[in-house]
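Here is the structure we will look at.
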Amino acid sequence: MAIIRFTNCQLCDEGKIGCKDLYICTTKGQIVGAVKKVDEVIDLHGLILTPGLIDIQINGCYGFDFSEYSSEEEYTKGYNKCMKELVKTGTTSICPTVIRFTDDVCMHVLPLLKAEEKKDRTESLGSHCEGPIISTIKKGCHDENYFCRPKTKEDLYSAFGCEENLNYIKIITAAPELDGVNSLIPEITGRNIIFSIGHTMATYEQCLEAINRGATMITHIFDAMPQPHHRNPGPIGLEGLADERLCPYFGLISDGVHIHPTYINIIYNANKDRCCLVTDAQNTIGLPDGEYPWEGRYLVKKGRSLKVKGTDTIAGSVTDQAQCMRNLMKWTNTSLAEAVKCVTNHPARSVHVDDHKGFLKEGYDADLCVIDKDGNVKQVYKMGNIVYSSGSI
């Protein structure tokens, strides 16, 4: 076994930062306990070591759209290429997000996006199906031609192609107010799939019923849902539940475009321990400003903004997770240690992979980020293998 000891570093995990060495086994790809004999010592010169970042909502990156399928060969080639680029940003695990549910996407893409360990690139934890059971009123940039309204288990299986395809899904975003949806939540969660409330017109009471039936998450909070009113708090009001055990995790896009920084501060402080920073990135992240074809339309990327051409409809984000984390620190005045939880510990717990990812614990995957005190990514390790370095540290 090849053992590496990281020394002269600060370990950042579970809201704490402290000076301590970390040991990993590159053969197993795991964090291990301290040993006397090691094969390599890496001096991090005071830099900070965190778990690898986890993004539970991302639609594509570096020119590749997770919902676009032409052939298995082309899809696999583009998918592998973009995942090798994405890992350089510090994001080591994702839930690749699908928004178009054609027959090809259901029968070919969902199986290709199954959870699978990777040692040289970002890995999938299983897909995030943002649809097709969502509201036409709060559809955002989604094409309602792909929407459906399942009322039975058989309808649910059909919505994703077949029953077997549910094995490849980690999250389903759905609107609980739609007829029959709440009754399907136990069927979904019973398969270890997260039911996330999103793209919805649901009232607070309808959302609370969904929570009581097993929903545990809100998709990109504030976006594509009713805004809170002092007599009708809507989905967002769930983060104020007195019983913290019922409070759902929530995806938060802290790019400064989707949500005003003041509201980011408000919702973060409402329920810090359920906050998961997501990018909701499109395939244009990592590409220069310009116009890009998308679903028979064009997306216009300009700085931090991405919109459907000729409209004010936001089409996703172009901000990576590390930048979202730095934005959270700036706009909420929270510490680096607390912000790191929102891209590691919390998302790991939210999708039930906290038994092997998202923490600096013995036996956990050696997916690691080396960052400076400002949250800038300097190095990335995937299953113990270095996959990115910004240069000398």
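For what it's worth, our numbering labels the leading residue of the sequence shown as 478, then goes sequentially.
Just so it is clear, CB atoms sit at the ideal spot from N, CA and C, and this is done for glycine as well.
Rounded Cβ spacing between Q663 and A692 (contact assumed at less than 8 angstroms) = Sequence check: residue 663 is Pro here, not Gln. 10 angstroms between Cβ atoms; not a contact.
Going by DSSP, name the residue or residues bridged to H676.
-> Answer by DSSP bridge pairing: none, since H676 is not bridged.
Limits of the alpha helix (DSSP H) - the one that A636 falls within | Counting along the chain, the alpha helix (DSSP H) containing A636 begins and ends at 630-636.
What span of residues does the beta strand (DSSP E) with I480 cover, start to end?
-> Here the beta strand (DSSP E) through I480 covers 480-484.
Output the residue ranges of the beta strand (DSSP E) runs that lie fully inside the region 745-821 and measure 3 residues or longer, sorted by chain position.
-> Counting whole runs of 3 or more residues, the region 745-821 contains the beta strand (DSSP E) stretches 752-754, 767-771, 774-779, 782-785.
Would DSSP call P609 helix, strand or coil?
-> Three-state result, P609: coil.
Just tell me which of T796, I531, Y769 has its CA closest to the CA of V785.
-> Here the closest residue by C-alpha is Y769.
Should Q704 be labelled buried (16 or more other beta-carbon atoms within 10 Å of its own) or exposed?
-> Looking at its Cβ environment, which holds fewer than 16 other Cβ atoms inside 10 Å, Q704 is exposed.
What do you get for H522, buried or exposed, if any count of 16 or more other CB atoms within 10 angstroms of its CB means buried?
-> Per the 10 Å Cβ criterion, exposed.
DSSP three-state call for L587: helix, strand or coil?
-> Judged by DSSP in its simplified three-state form, L587 adopts helix.
Between which two residues does the beta strand (DSSP E) carrying S866 extend?
-> Per DSSP, S866 belongs to the beta strand (DSSP E) from 862-866.
DSSP on V582, reduced to helix/strand/coil?
-> Here V582 sits in helix by DSSP.
Tell me, to the nearest whole angstrom, how far the beta carbon of F543 is from that of V575; I am working on the premise that it is less than 8 angstroms.
-> Going by Cβ atoms, the distance from F543 to V575 rounds to 6 angstroms, so yes, they are a contact pair.
Evaluate the contact criterion for the region 586-598 versus the region 607-614: three or more CB pairs, one atom per stretch, below 8 angstroms.
-> Counting Cβ pairs under 8 angstroms, fewer than three are found: no touch.
Do you know offhand how far A758's Cα is from C846's?
-> Going by the C-alpha atoms only, they are around 20 angstroms apart.
Any idea which residues DSSP pairs L729 with across the strands?
-> For L729, the pairing in a beta bridge is given by DSSP as L754.
In terms of DSSP beta bridges, what is I519 paired with?
-> According to the DSSP secondary-structure assignment, I519 is paired through a beta bridge with F483.
How long is the line joining the alpha carbons of E654 and I481, rounded to whole angstroms?
-> Across the structure, E654 and I481 are spaced so that their CA atoms are roughly 52 angstroms apart.
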